[in-house]
C-alpha cells in the first residue's frame, strides 16, 4: 500500500456524514474511531441481539462492519461527485468472535476511477490483552458511481 | 444438485431450534419460511434501522440472511452430533435492495463430512410483481465441528 | 437466469475469435464446445504437464477454464465495442479432478453495462458414467471496457 | 501475522519436493525463490503460450502461482503427516499483467490443525523499476488432510 492522497480535501466531513446516515451501523453498535485517507478504524460492540446459535457474534454482523470499513476507506479517496457501492466481498472467519469489543481496520489496496479494491480485518484482544487476535478478514471490490450534485446521504 | 437425504431424521426440529437461537435473525427481521433436506427459504423484511447511506438495505444485512441460509441448509444434512461454522463466504451484489420484502433461498451444493459447500440467493419481486429479480448471491464453505452430546443452541 | 438476447448479432464470430486469441487455452488443452447468448460449454483435457503434487489437475488450471468460461459468456452479451476483464473471481473445490476430461459450463447471472456477474462450473463423469460430478465452481464479476474500433484480439 | 514456528523441522525439503512434483509450475514457468516458515516468494515469467486475448498474462495462470504460493506457505507450517488442499480461493485483479517477470509472495494468516488461511500477492516492477506495483491478490482457505506414511508427492 502506497501513500494515498485524497482527491476531495473535505473527505473527512463527507465520509463522516455518510457513516452517520447508515442506520445499520448504530443499530449494530458499530462506531467510527478514526479516519485517514484510505484508512479507517471502527469498533463493533458485542450485543446479545446479534448472535448466532453458539453465542458468537453473527458472521453477517462482523461482515457489516468489515463492508462499511472497506466502503468508507474507498470513499475517503474518491471524487466528491461519486458514491461507492460494493460489487462483491468475501469474508474469511479465522476464529469465533467472543469478545465484548472487536476492532475493525479497513484499507484501500488500489483506488481506481471506476473500481476500487479494499481489504478489512477484525481483531479482538487476546486474554492477556497484549496482542490482538485476527477474527475475520474481508477483501472487496467497489464501483464508483456518479451522484447528482444535490444528492445527500440518507436521502 | 442431486437429491439429498438427511442423516438425522429429526433435522427439522434441530434446524428450527438452531434458527430460533440466532438472535441476529429476529433483530434483523429475518424469518424462516420453509425447510427441506439441503434446501431453505427465508424472508428478510426491510427495516429503517438496517440501511446504508443511500437508503438501500445494508449489504451486511442481506449477507447475514444469505449466510444463515447456507448454514441451515448445510445443518439440515449434517449428523446430529455436529454444528456448522462458516469458513468463508463471498457475496456478489447484482442490484440495490429497495423492496419491503426479500426472499432468500439456500441450497447445498456438496455435503461433506468435514466441509460442505452451499450457495444462497436473494430475490425481490420486480415492479410488475411477475418475475423475481436477483439482488445478491453467496457461495460459502462451512466446517462441520463435533459438539458435546448435551450441547444446546443458544447455550 | 432469464432469457438473454445478444446486443451484437455477430457475437458468435467475435467470441470465437477472442477464444482463439487466448494462447493459454490451447496450451492447457481447453477447447470451446458450444456457445449461445450468455451460455458456454468448454472441455478441459487432463495433461501430465498441468498437475499438482498429488497428481490431480492443478486448481489454477481448472480456474483458467472457469475464468474463460465466465469471460466469454459475458462477452457474448456485451456490445461490439467492449472487451471484458475479470475484476475478481472465487473458485470453490468440491472434489479433486482425476478424470481425463472435464466439462466446463459458464452462464451470465446478470449482464450490466459496466459490470457483469457470471458463474461457471466444472464437472466430470462419475465412474458409472451416468451422472456428472461437480468438481469446482466459480463466481466472478467482470468489467466492460471500451476498446478502439480497430482493436483486434491477440493484438 | 505473528512469528510462526514450523512443526516439522524438515519443512524445507518437504515443501521443495512437493513444489518440484507440481508439473504445472514448470510448464507455466513459475519457480520458487525463497521459503521460510509461513512465507514464500516465487517468480512467474511471462510466456507467449499463457496469455489471454488482449496479450496480458491469463488470470488463471497468475492464479495458479498465487494458489501454489498459498498452498506451500501453509504446507511449511503443517505436520509432516499432512497434505494441504485448497478449499477455495478468491483472486482480485488490480492491474493487467504486462511484465516479463511477476513476483509472487504468499503468507499464512492463520495456521490451523484442520483449516489454514493464507493470502498471496502478485507484483510487477513499475516502469522506473523503483517501486513494485500490485497486480493481483488472493485469499484462500485450505484443508489439512492426513496422508499415508509412505506417501510421496507426484505419486
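Protein chains in written order, with this note's numbering: chain A, 1 to 155; chain B, 156 to 310; chain C, 311 to 465; chain D, 466 to 620. The C-beta atom is built at its ideal place from N, Cα and C for all residues, glycine as well. If you're wondering where the values come from, they're calculated on a predicted model, not measured in any experiment.
Task: Neighbourhood of residue 315 of chain C by C-beta distance below 7 Å, restricted to the same chain and skipping five residues each side - done: Cβ neighbours of residue 315 of chain C beyond the five flanking positions: 347.
- [ ] Return the chain-ordered list of same chain residues with a C-beta closer than 6 Å to the C-beta of residue 272 of chain B, the five sequence neighbours on each side being excluded.
- [x] Around residue 272 of chain B: 264, 265 and 296.
Task: Below-8 Å beta-carbon distance, residue 2 of chain A vs any chain C residue - done: Per-residue confidence for residue 2 of chain A stands at a pLDDT of 48, beneath the threshold of 50, marking its modelled position as unreliable; the derived number appears in the next sentence. Cβ-Cβ to chain C under 8 Å: no for residue 2 of chain A.
Task: Partner residues on chain C for residue 307 of chain B, Cβ-Cβ distance less than 8 Å - done: Within 8 Å Cβ-Cβ: nothing; residue 307 of chain B doesn't reach chain C, min ~31 Å.
Open item on the list: Can you pull the chain B neighbours of residue 449 of chain C, defined as C-beta to C-beta under 8 Å?
Closed with: By Cβ distance, chain B contributes 245, 247, 292 and 294.
Task: Where the alpha helix (DSSP H) through residue 484 of chain D begins and ends - done: Residue range 476-486 is occupied by the alpha helix (DSSP H) that includes residue 484 of chain D.
Task: Straight-line gap, residue 252 of chain B to residue 276 of chain B (C-alpha atoms, nearest Å) - done: Here the alpha carbon of residue 252 of chain B sits roughly 13 Å from the alpha carbon of residue 276 of chain B.
- [ ] Report the three-state DSSP secondary structure of residue 582 of chain D (helix, strand or coil).
- [x] Strand, per DSSP.
Open item on the list: By the three-class DSSP mapping on this structure, what secondary structure does residue 613 of chain D have?
Closed with: In the structure shown, residue 613 of chain D sits in coil (DSSP, three-state: anything other than H, G, I, E or B).
Task: Residue-level contact to chain B via CB, residue 419 of chain C, 8 Å cutoff - done: Closer than 8 Å to the CB of residue 419 of chain C there is at least one CB belonging to chain B.
Open item on the list: Which runs of the alpha helix (DSSP H) at least 4 residues long sit entirely within the stretch 23-92 of chain A? Give them in chain order.
Closed with: Listed in chain order, the complete alpha helix (DSSP H) runs (minimum 4 residues) inside the stretch 23-92 of chain A are 23-27 and 59-75.
- [ ] Would you mind sorting residue 201 of chain B into buried or exposed? The rule is 16 or more other CB atoms within 10 Å of its CB.
- [x] Buried, by the Cβ-count rule.
- [ ] Give the residues of chain C in contact with residue 510 of chain D, contact being defined as C-beta atoms less than 7 Å apart.
- [x] Ordered by position in chain C, no residue passes the 7 Å Cβ test against residue 510 of chain D, which lies about 14 Å from the chain.
Open item on the list: Which residues does DSSP list as the beta-bridge partners of residue 603 of chain D?
Closed with: In the DSSP output, where bridge partners are listed per residue, residue 603 of chain D has D:556 and D:585.
Task: Assumed close pair residue 318 of chain C, residue 383 of chain C - CB separation to whole angstroms, cut-off 8 Å - done: Contact check for residue 318 of chain C and residue 383 of chain C: beta-carbon distance about 14 Å, past the 8 Å limit, so the pair fails to qualify.
TODO: Determine the contact status of residue 526 of chain D and residue 453 of chain C, defining contact as a CB-CB distance below 8 Å.
DONE: Against a cut-off of 8 Å, the Cβ pair of residue 453 of chain C and residue 526 of chain D comes out as no contact.
Open item on the list: Determine, for residue 453 of chain C, whether the minimum Cβ-Cβ distance to residues of chain A falls below 8 Å.
Closed with: Using beta-carbon distances, residue 453 of chain C counts as an interface residue toward chain A, with a partner under 8 Å.
Open item on the list: Considering just the uninterrupted stretch of the beta strand (DSSP E) at residue 105 of chain A, what are its terminal residues?
Closed with: Residue 105 of chain A -> beta strand (DSSP E) spans 101-110.
Task: Cβ of residue 425 of chain C within 8 Å of any chain A Cβ - done: Answer yes: the Cβ-Cβ gap between residue 425 of chain C and chain A drops below 8 Å somewhere.
TODO: Would you kindly check if the distance between the Cβ of residue 64 of chain A and the Cβ of residue 153 of chain A is under 8 Å?
DONE: No.
Open item on the list: With DSSP as the reference, identify every bridge partner of residue 590 of chain D, one or two as the case may be.
Closed with: Answer is D:597.
Open item on the list: When you compare the CB of residue 230 of chain B with every CB in chain C, is at least one pair closer than 8 Å?
Closed with: Not one chain C Cβ lies under 8 Å of residue 230 of chain B.
Task: residue 466 of chain D classed as buried or exposed, judged by whether at least 16 other C-beta atoms fall within 10 angstroms - done: Below a pLDDT of 50, predicted positions are generally treated as unreliable, and residue 466 of chain D, at 45, falls in that range; no measurement from the model is reported.
- [ ] Kindly indicate if chain A contains any beta-carbon less than 8 Å away from that of residue 599 of chain D.
- [x] Yes, residue 599 of chain D counts as interfacial toward chain A.
Open item on the list: 8 Å is my cut-off, CB to CB: does residue 58 of chain A come that close to chain B?
Closed with: Closer than 8 Å: yes.
Task: C-beta neighbour in chain C for residue 473 of chain D, strict 8 Å - done: Answer no: the Cβ-Cβ gap between residue 473 of chain D and chain C never drops below 8 Å.
- [ ] Would you kindly work out how many angstroms separate the C-alpha atoms of residue 367 of chain C and residue 590 of chain D, rounded to a whole number?
- [x] Counting only the Cα atoms, residue 590 of chain D lies some 31 Å from residue 367 of chain C.
Task: Contact check, residue 486 of chain D vs residue 557 of chain D, beta carbons under 8 Å - done: Cβ distance not < 8 Å, so residue 486 of chain D and residue 557 of chain D don't count as in contact.
Open item on the list: If you measure between the beta carbons of residue 286 of chain B and residue 237 of chain B, is that distance less than 8 Å?
Closed with: Taking 8 Å as the Cβ cut-off, residue 286 of chain B and residue 237 of chain B do not qualify as a contacting pair.
Task: Nearest-angstrom Cα separation, counted from residue 559 of chain D out to residue 204 of chain B - done: Distance between the alpha carbons of residue 204 of chain B and residue 559 of chain D: 34 Å.
Open item on the list: Alpha carbons only, please: which of D:509, D:552 and D:481 is nearest the one belonging to residue 565 of chain D?
Closed with: For residue 565 of chain D, the closest of D:509, D:552 and D:481 by C-alpha to C-alpha distance is D:509.
TODO: Could you list which residues in chain A have their beta carbon closer than 9 Å to that of residue 190 of chain B, in chain order?
DONE: Neighbours of residue 190 of chain B in chain A, taken as residues at a C-beta separation under 9 Å, are lacking, since the least C-beta distance is about 15 Å.
TODO: Output yes or no for whether 8 Å exceeds the beta carbon distance between residue 261 of chain B and residue 195 of chain B.
DONE: Yes, the pair counts as a contact, with Cβ atoms nearer than the cut-off.
Task: 7 Å Cβ shell around residue 598 of chain D - same chain, five flanking residues per side excluded - done: Answer for residue 598 of chain D: 560, 588, 589 and 591, listed in chain order.
Open item on the list: Quick check: the Cα distance between residue 119 of chain A and residue 221 of chain B, rounded to an integer number of angstroms?
Closed with: The straight-line gap from Cα to Cα measures roughly 21 Å.
TODO: Answer with yes or no whether the minimum CB distance from residue 414 of chain C to chain A is below 8 Å.
DONE: Contact of residue 414 of chain C with chain A is not assigned, every C-beta pair being separated by 8 Å or more.
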